[in-house]
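Participant:
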Amino acid sequence: MGERNSNKNRKKMRINRIKKSNSFFRNFSIFKGILLVLLIVGLFIVYNIYSFNTLKANVKTFDAEISTNSKFVGVVDDKYYKIEGNVLKAFNSNKEIFNVEVKNIVGTYYDKYIYLFEKEGNILMLDRNNGKEKNNVKINSEIKNVKIKNNQIQLFNDNSVIILDKNLKELKRSEKLKNPVSYFFEGGKEAIIEMNLNNGVISSTITIKNNDTIQFFTSTINEVFLEAFISGENNILISNSYIYLIKGNSIMKKIFLTDISSFDYDYQKIAVADGKRIKVYDISLNKLDDKELGIDADAVSIRRNSIVCIGNSFIKVYENGNIIEQQAKDVKNWYINNQAFYTIYDNRIEKIEAY
């Protein structure tokens with residue numbers, strides 16, 4: 000009887016040891032599973048951090064020959080254009096597709112068509128695939144500078160600004176100005192920045208009009224007015240020292256800038272490269288974000304979902320509150336359109352698809 004009880008006890012002990020052993024292996028397997036999951040998650044996070052902080056996957060490169068004689072380089076649909084001497088040349092995959100003789104070109108615009116602006120006031124509109132002339136307009140005024148803004152072609156000289164649409168139809172002509180440097184026109188509203196030189200003293204002037212009636216005017220010798228635009232009731236003026244919010248005839252708000260190097264805007268926000276930082280404001284000058292760039296940006300471009308900043312050795316993209324960067328040494332120039340942001344080198348062009 001005692002022996003049977005002893006055998007039963009030994010059997011129970013063996014069963015308990017087996018249960019404990021199985022429990023240990025079960026727990027160890029669970030522990031290994033947890034470690035494996037953590038490892039996979041860790042690798043996924045590391046991969047995504049690396050992928051997020053590099054632009055390599057979003058950069059397309061194609062060959063190009065850009066020399067010191069290459070002027071007005073532009074890119075559309077991966078075709079690139081340049082003017083060398085008195086010849087406009089067009090290339091596709093480094094193969095020349097056409098060339099056209101030109102003269103006294105002071106500006107170009109590459110879009111659905113190629114627009115060439117001659118100093119004497121002639122404007123040529125060419126087919127961008129074969130170089131054939133589609134339109135030719137003379138504005139009877141010298142052209143000193145060309146800007147493309149709000150789908151408008153803006154032509155500047157010493158005392159006037161002429162606004163054309165993309166079919167070269169004249170929309171607005173503002174004359175009797177003094178060295179206009181910036182002009183905004185939309186729906187009867189105008190914002191004009193002029194730069195005057197009197198007795199060796201430079202002054203900046205801003206005039207805001209509504210249906211030719213002056214609403215706001217000021218002039219200063221203490222700062223340089225750079226750009227002005229209108230969004231609804233908000234008039235925005237950007238200088239080398241401040242961003243101003245103007246309503247009616249009053250300055251409602253101003254933001255101090257320490258060392259502005261570049262800026263861009265749309266009708267919802269303003270992006271300023273200031274003091275090696277990128278600062279983003281809404282149209283009422285409420286600060287949306289402020290991030291370290293570490294570079295003085297030579298150009299800033301607001302895209303649909305991001306802001307591209309380019310310096311002398313880096314391209315940095317601000318997106319969702321983060322900065323992504325890509326090295327860009329020895330950049331000769333850059334070109335921006337609605338498709339992409341292009342960096343131009345001696346032997347190649349890089350297309351950065353930052354949206």
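Those letters in the sequence shown? Residues 0 to 354, per numbering that gives the first Met the number 0, in order. Backbone N, C-alpha and C define an ideal beta-carbon position, used for all residues, glycine too. Computed from a prediction, not measured in an experiment: that's the story for all the values here.
Taking 8 Å as the limit between beta carbons, can you name the residues of its chain near Gly41, skipping five residues before and five after?
Facilitator: Residue mapping note: residue 41 aligns to position 42 of the sequence shown, counting from 1. Unreliable placement is indicated for Gly41, whose pLDDT of 47 sits below 50; the coordinate value is still reported in the next sentence. Nothing listed; no residue qualifies.
Participant: Looking only at its own chain, which residues have a Cβ that is under 7 Å from the Cβ of Thr206, when we skip the five neighbours before and after it?
Facilitator: In the sequence shown, the residue the question calls residue 206 occupies position 207. Same-chain partners within the cutoff: Ile191, Ile213, Phe216.
Participant: If contacts are defined as beta-carbon pairs under 8 Å, then Ile235 and Ile269 qualify, I think. What distance do you get, rounded to the angstrom?
Facilitator: Taking the first residue of the sequence shown as 1, we reach residue 235 at position 236. Taking the first residue of the sequence shown as 1, we reach residue 269 at position 270. That belief holds up - the Cβ atoms of Ile235 and Ile269 are roughly 7 Å apart, short of 8 Å.
Participant: Could you spell out the range, first to last residue, of the beta strand (DSSP E) harbouring Arg347?
Facilitator: Locating residue 347 in the sequence shown gives position 348, where the first residue counts as 1. Arg347 -> beta strand (DSSP E) spans 347-351.
Participant: Would Met298 and Ser261 qualify as a contact pair, given that the criterion is a beta-carbon distance under 8 Å?
Facilitator: Counting from one through the sequence shown, the residue named residue 298 turns up at place 299. Counting from one through the sequence shown, the residue named residue 261 turns up at place 262. Correcting the residue identity first, residue 298 is Ala in this sequence and not Met. For Ala298 and Ser261, yes; Cβs fall inside 8 Å.
Participant: Give me the residue from Thr60, Phe340, Glu193, Phe97 with the minimum Cα distance to Ser173.
Facilitator: Position 174 of the sequence shown, counting from 1, holds the residue named residue 173. Nearest C-alpha to Ser173: Glu193.
Participant: In whole angstroms, what separates the C-alpha of Asn285 from that of Phe183?
Facilitator: Here residue 285 is taken as the residue at index 286 of the sequence shown, counted from 1. Here residue 183 is taken as the residue at index 184 of the sequence shown, counted from 1. Roughly 23 Å separates the two Cα atoms.
Participant: Give the straight-line distance between the Cα atoms of Asp126 and Tyr109, rounded to the nearest whole angstrom.
Facilitator: On the sequence shown, residue 126 is found 127 positions in, with the first residue counted as 1. On the sequence shown, residue 109 is found 110 positions in, with the first residue counted as 1. One C-alpha to the other measures close to 10 Å.
Participant: Just reading off the beta strand (DSSP E) that Ile147 is part of, what are its end residues?
Facilitator: Residue numbering aside, residue 147 sits at position 148 when the sequence shown is read from its first letter. 144-148 is the span of the beta strand (DSSP E), which, as asked, contains Ile147.
Participant: Can you check whether the CB of Asn156 is closer than 8 Å to the CB of Glu169?
Facilitator: By 1-based counting over the sequence shown, the position of residue 169 is 170. By 1-based counting over the sequence shown, the position of residue 156 is 157. It is not a contact, given that the beta carbons lie outside the stated cut-off.
Participant: Considering only C-alpha positions, which residue in the set Asn68, Gly73, Glu64 is nearest to Ala339?
Facilitator: Indexing the sequence shown from 1 puts residue 339 at position 340. Ala339 has its Cα closest to that of Gly73, out of Asn68, Gly73, Glu64.
Participant: For Asn234, list the residues DSSP reports as bridge partners.
Facilitator: In the sequence shown, the residue the question calls residue 234 occupies position 235. Paired residues: Ile229, Ile245.
Participant: Taking the straight line between their C-alpha atoms, what separation do you get for Asn332 and Glu324?
Facilitator: Locating residue 332 in the sequence shown gives position 333, counting from the first residue. Locating residue 324 in the sequence shown gives position 325, counting from the first residue. Near 18 Å, if we compare the C-alpha coordinates of Glu324 and Asn332.
Participant: What span of residues does the beta strand (DSSP E) with Val105 cover, start to end?
Facilitator: Within the sequence shown, residue 105 is the residue found at index 106, counting from 1. Note, Val105: beta strand (DSSP E), 104-109.
Participant: Taking DSSP as the reference, what is the three-state secondary structure of Tyr344?
Facilitator: Looking up residue 344 in the sequence shown gives position 345. Coil, per DSSP.
Participant: Do Val330 and Ile322 have their C-beta atoms within less than 8 Å of each other?
Facilitator: On the sequence shown, position 331 is the one that residue 330 refers to. On the sequence shown, position 323 is the one that residue 322 refers to. Not closer than 8 Å, so no.
Participant: Quick one: what does DSSP say Ser283 is sitting in, helix, strand or coil?
Facilitator: Counting from 1 along the sequence shown, the entry for residue 283 is found at position 284. Here Ser283 sits in coil by DSSP.
Participant: In whole angstroms, what is the alpha-carbon distance linking Ala89 and Ile348?
Facilitator: The residue labelled residue 89 in the question sits at position 90 within the sequence shown. The residue labelled residue 348 in the question sits at position 349 within the sequence shown. Whole-angstrom Cα-Cα distance: 14 Å.
Participant: Given that a residue counts as buried once 16 or more other Cβ atoms are within 10 Å of its Cβ, and exposed if not, what is Arg302?
Facilitator: Locating residue 302 in the sequence shown gives position 303, counting from the first residue. Arg302 comes out buried.
Participant: Pull the bridge partners of Leu292 from the DSSP assignment, please.
Facilitator: Indexing the sequence shown from 1 puts residue 292 at position 293. DSSP, once it has assigned bridges, lists no residue as partnering Leu292.
Participant: Smallest Cα separation from Val136: which of Lys143, Tyr114, Glu185?
Facilitator: For this step, residue 136 is matched to residue 137 along the sequence shown. Of Lys143, Tyr114, Glu185, the residue nearest in Cα terms is Tyr114.
Participant: Tell me the DSSP bridge mates of Leu125?
Facilitator: As a first step, residue 125 is located in the sequence shown; it is residue number 126 there, counting from the start. Note: Leu125 sits in a beta bridge opposite Ile113, Glu132.
Participant: Could you tell me whether the Cβ atoms of Leu123 and Ile138 are closer together than 8 Å?
Facilitator: On the sequence shown, position 124 is the one that residue 123 refers to. On the sequence shown, position 139 is the one that residue 138 refers to. It is not a contact, given that the beta carbons lie outside the stated cut-off.
Participant: Alpha carbon to alpha carbon, how far is Asn319 from Phe116?
Facilitator: Within the sequence shown, residue 319 is the residue found at index 320, counting from 1. Within the sequence shown, residue 116 is the residue found at index 117, counting from 1. Their Cα atoms are separated by approximately 39 Å.
Participant: Please classify Ser69: is it buried, with 16 or more other beta-carbons within 10 angstroms of its beta-carbon, or exposed?
Facilitator: As a first step, residue 69 is located in the sequence shown; it is residue number 70 there, counting from the start. Buried: at least 16 other Cβ atoms inside 10 Å.
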